[in-house]
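Reading through the structure tokens given below for one structure.
In my numbering, the protein residues as written are 8 to 288.
Structure, rendered in structure tokens:
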């Protein structure tokens, strides 16, 4: 397993995403739990979830897995709805998530996307949860550059540890300004949906991808994930419900690209040349 510096910690090169997990029948849920266990047993040490995912079902699934592991060995990330972003509702949501996750604290607690609550109130509520020992750190998700600048201009806003946005080879907007800005401000980045939204049907798989994957004797999904983490300077959180796909994700960590291969991919999936609108799903 390769590790990166994420949130000032030694973190596996990929995490485990959990969107839609825990929402099926008992057999499916058991398979998903087995998959997460396989990932943890093979070096992954971060799980990303949210109160929104199945309205708590994903958190419940994760909690049932985590109880069999040493809590201090894992980094646990969850998110709260923007309409729960007041200090009082943050505490209520957090305690409900902790109960479902069967843990006393979160390593990171994120505002899932921006809503109507003033950011200053949300920061105040999150800082209270840090002081109470219920979370170690906090961050945000689906923030664009203007949001990040506003956030960090507020009291204690510079304590934001991470921002989590959409990032894959077909959605490269964060490379223009968000990623460089976060690096400059020592704010870790998480990219979700490395295969596109809920799979490759929303990602245009061009011939260059198929040909390159074939030449490297890897799957298209492995190539897509390997591309996202190619510089080993950000975290990707692919979701999978099967051990076979988890094995595939783990193998993708060791895939390398030549300079010529990266240039070839850049031609088909160009880097942004101006500030784009933030893509979300």
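Beta carbons are placed, not taken as given, at the ideal position from N, Cα and C, and that holds for glycine.
Going by the beta-carbon positions, is the gap between residue 148 and residue 120 smaller than 9 Å? Mapped onto the chain shown, residue 148 falls at position 141. Mapped onto the chain shown, residue 120 falls at position 113. For residue 148 and residue 120, yes; Cβs fall inside 9 Å.
So the beta strand (DSSP E) residue 82 belongs to, where does it begin and stop? Here residue 82 refers to the residue found at position 75 of the chain shown. Counting along the chain, the beta strand (DSSP E) containing residue 82 begins and ends at 82-87.
Taking residue 18 as part of the beta strand (DSSP E), name the residues at either end of that continuous run. Position 11 of the chain shown, counted from the start, is the residue given in the question as residue 18. Here the beta strand (DSSP E) through residue 18 covers 16-19.
Just the C-alpha distance for residue 233 and residue 152, rounded to the nearest angstrom, thanks. Numbered from its first residue, the chain shown carries residue 233 at position 226. Numbered from its first residue, the chain shown carries residue 152 at position 145. Roughly 26 Å separates the two Cα atoms.
Where residue 243 falls: helix, strand or coil (DSSP): Start at 1 with the first residue of the chain shown, and residue 243 comes out as number 236. Of the three classes helix, strand and coil, the one that applies to residue 243 here is strand, per DSSP.
C-beta atoms of residue 250 and residue 45 nearer than 9 Å: Position 243 of the chain shown, counted from the start, is the residue given in the question as residue 250. Position 38 of the chain shown, counted from the start, is the residue given in the question as residue 45. Yes. Within cutoff.
Is DSSP giving residue 171 helix, strand or coil here? The count along the chain shown starts at 1 and reaches residue 171 at position 164. Reduced to three states, the DSSP call for residue 171 is strand.
Do residue 98 and residue 141 have their C-beta atoms within less than 9 Å of each other? For the purposes of this step, residue 98 is taken as the residue at position 91 of the chain shown. For the purposes of this step, residue 141 is taken as the residue at position 134 of the chain shown. Contact flag set, yes.
Report the option in 211, 237, 42 and 154 whose CA atom is closest to the CA atom of residue 24. Counting from 1 along the chain shown, the entry for residue 24 is found at position 17. It is 42.
With 16 other CB atoms within 10 Å as the buried threshold, where does residue 270 fall? Taking the first residue of the chain shown as 1, we reach residue 270 at position 263. Exposed is the call here.
Check whether the Cβ atoms of residue 69 and residue 51 lie closer than 9 Å to each other. Your numbering for residue 69 matches position 62 in the chain shown. Your numbering for residue 51 matches position 44 in the chain shown. Pairing residue 69 with residue 51 gives a Cβ-Cβ distance that is not under 9 Å.
Host alpha helix (DSSP H) of residue 70 (start-end): Translated into the one-based positions of the chain shown, residue 70 becomes position 63. Its alpha helix (DSSP H) spans residues 64-73.
For residue 256, three-class secondary structure by DSSP: As a working note, residue 256 is residue 249 in the chain shown. It is helical.
Quick check: the Cα distance between residue 200 and residue 173, rounded to an integer number of angstroms? Looking up residue 200 in the chain shown gives position 193. Looking up residue 173 in the chain shown gives position 166. Cα-Cα distance, rounded: 6 Å.
Pick out the complete beta strand (DSSP E) segments inside the segment 89-157, 3 residues or longer, and give them in chain order. 113-118 and 142-148
Which class does residue 195 belong to by DSSP, given the choice of helix, strand or coil? Taking the first residue of the chain shown as 1, we reach residue 195 at position 188. Residue 195 falls in the strand class under three-state DSSP.
Apart from the five residues on each side of it in sequence, which residues of its chain come closer than 6 Å, Cβ to Cβ, to residue 134? One-based indexing of the chain shown puts residue 134 at position 127. Closer than 6 Å at Cβ, skipping near neighbours: 163.
Give me the DSSP bridge partner(s) of residue 13. Here residue 13 is taken as the residue at index 6 of the chain shown, counted from 1. For residue 13, which the question treats as bridged, DSSP gives the partners 16.
Just the Cα atoms here: how many angstroms apart are residue 272 and residue 20? Taking the chain shown and counting its residues from 1, the one referred to as residue 272 is at position 265. Taking the chain shown and counting its residues from 1, the one referred to as residue 20 is at position 13. Rounded to whole angstroms, residue 272 to residue 20 spans 22 Å at the Cα level.
Opening and closing residue of the alpha helix (DSSP H) in which residue 216 lies: Looking up residue 216 in the chain shown gives position 209. Counting along the chain, the alpha helix (DSSP H) containing residue 216 begins and ends at 214-222.
Could you give the first and the last residue of the continuous alpha helix (DSSP H) run that contains residue 267? One-based indexing of the chain shown puts residue 267 at position 260. Taken as a continuous stretch (DSSP letters only), the alpha helix (DSSP H) holding residue 267 covers 266-275.
Does DSSP classify residue 248 as helix, strand or coil? Sequence index remark: in the chain shown, residue 248 carries index 241 (1-based). Correct three-state label for residue 248: coil.
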